[in-house]
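Residue 2 is where the sequence shown starts when you use the numbering used here, and the numbers rise one by one after that. This report refers to the structure that appears directly beneath it.
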Amino acid sequence: MLRNHITDFNIDDNMLTALPLSWARTNETEATFNVVKLPLSRRSWISTANIPFDASFEQIYRQILRSQSTGFVIRGCNEDLSNYLTSQQCQAAQTGVEAVLNLQENPLSKASLQKLMQPGSRWGRVTEIPPTAENYQRMARFVDKTPYGNKPKLQYSFRTYFDSTQRGFALVAPSGDWLGALSLSLVNRNYTHTELLLRRKNAPPGVMDTLIAAVYKTLQREGMAQWSLGEVPFVSGNGAVFEIPCSRVFTSSCQKIFLRLRRLINFGYNFEGLYFFKNKFSPEWKPLYLCGKPDLNWLILLDLSAKTRYLHLLGNEIYCLMKKPFERQ
């Protein structure tokens, strides 16, 4: 964990207040960065960070990122951050999209919210989870009760834990059991981002729709402007897989490689199902970029696949697939 006191706080209207996904605004005066060393590419991946409200992204770049001697990598950058970083001789490549709900400008109608809430509301009520040590542990245990609970856990791609920097919500059954849960980090004062989005294995239909619709109403009532439901990788704004060539990033043939990689990734991680689930809430789909300095190369993708433990997840899926014929004998 890298700690640094960012000086000269003076954000004005021309400065960037946006942050990469899973970087969060906090009331701390000191910025903290989770730095993951990538062995093949020799880059420093800044996976998550806690940033004071008064620090602009330009200040973060000048005082922290620029000083990384072997270069850096950041995931989940929006278009503004990507444009700024490329102006600083960094490289960027689109790797997915973000589902953003405009809570004030284009809210879901009351009828739409009610329709989404009806199927799951019979099973329990949605409540905010107090930020206590007991609930931090309960959220961690709840991960093991999801459909992916017995599979290798992803790491670093987002905040895979619940802590005091986040808000939590759960749909709680009359028995006290959680049927669904989510956690939110704060990108800026009026923009919140979904970190954990968890459904209990064998939960009744409509549980997650009800949970999201209820949290939507809460955030809207509080005056929050935007809510990000998070990233869907390898999907463009209209739901199609990328079919655009990458200019000066990776290689000129990355169009074909992206298409092959898309099929491989969907085998271990159902991002298409994730896209269709989030799309039912009528979000605005915004592009997300992988950014790096001095450049982006394929070693970075190998590093990220290993460090996020996606390769572990893929290997587990292949093993389970190969084991099935023998289980039927």
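Think of the CB as a built atom: it goes at the ideal place given N, C-alpha and C, for glycine as much as any other residue. From a predicted model like this one, the values you see are computed outputs, not experimental measurements.
One alpha carbon belongs to Q221, the other to F54, and they sit about 21 Å apart. With a threshold of 16 other beta carbon atoms within 10 Å, D210 meets it and is buried.
In the DSSP annotation of this structure, the continuous segment of the alpha helix (DSSP H) that includes Q60 starts and ends at F58 to Q64. Per the coordinates, the alpha-carbon of F58 lies some 7 Å from the alpha-carbon of A19. In this structure, DSSP gives T30 a state outside helix and strand, which the three-state scheme calls coil. In the structure shown, Q89 adopts coil according to DSSP, grouped into three states.
Using a Cβ distance threshold of 8 Å, W124 and P205 count as a contacting pair. By a beta-carbon distance limit of 8 Å, E285 contacts V101. Their separation comes to about 5 Å. Within the DSSP bridge table, the entry for V127 names L172 as partners. Shown here, E223 sits in a helix according to DSSP, grouped into three states. Under the 10 Å beta carbon count, W299 is surrounded by fewer than 16 other beta carbons and is classified as exposed. Beta-bridge partners of G177 (DSSP): none assigned. For M140, the number of other beta carbons within 10 angstroms of its own is at least 16, and it is reported as buried.
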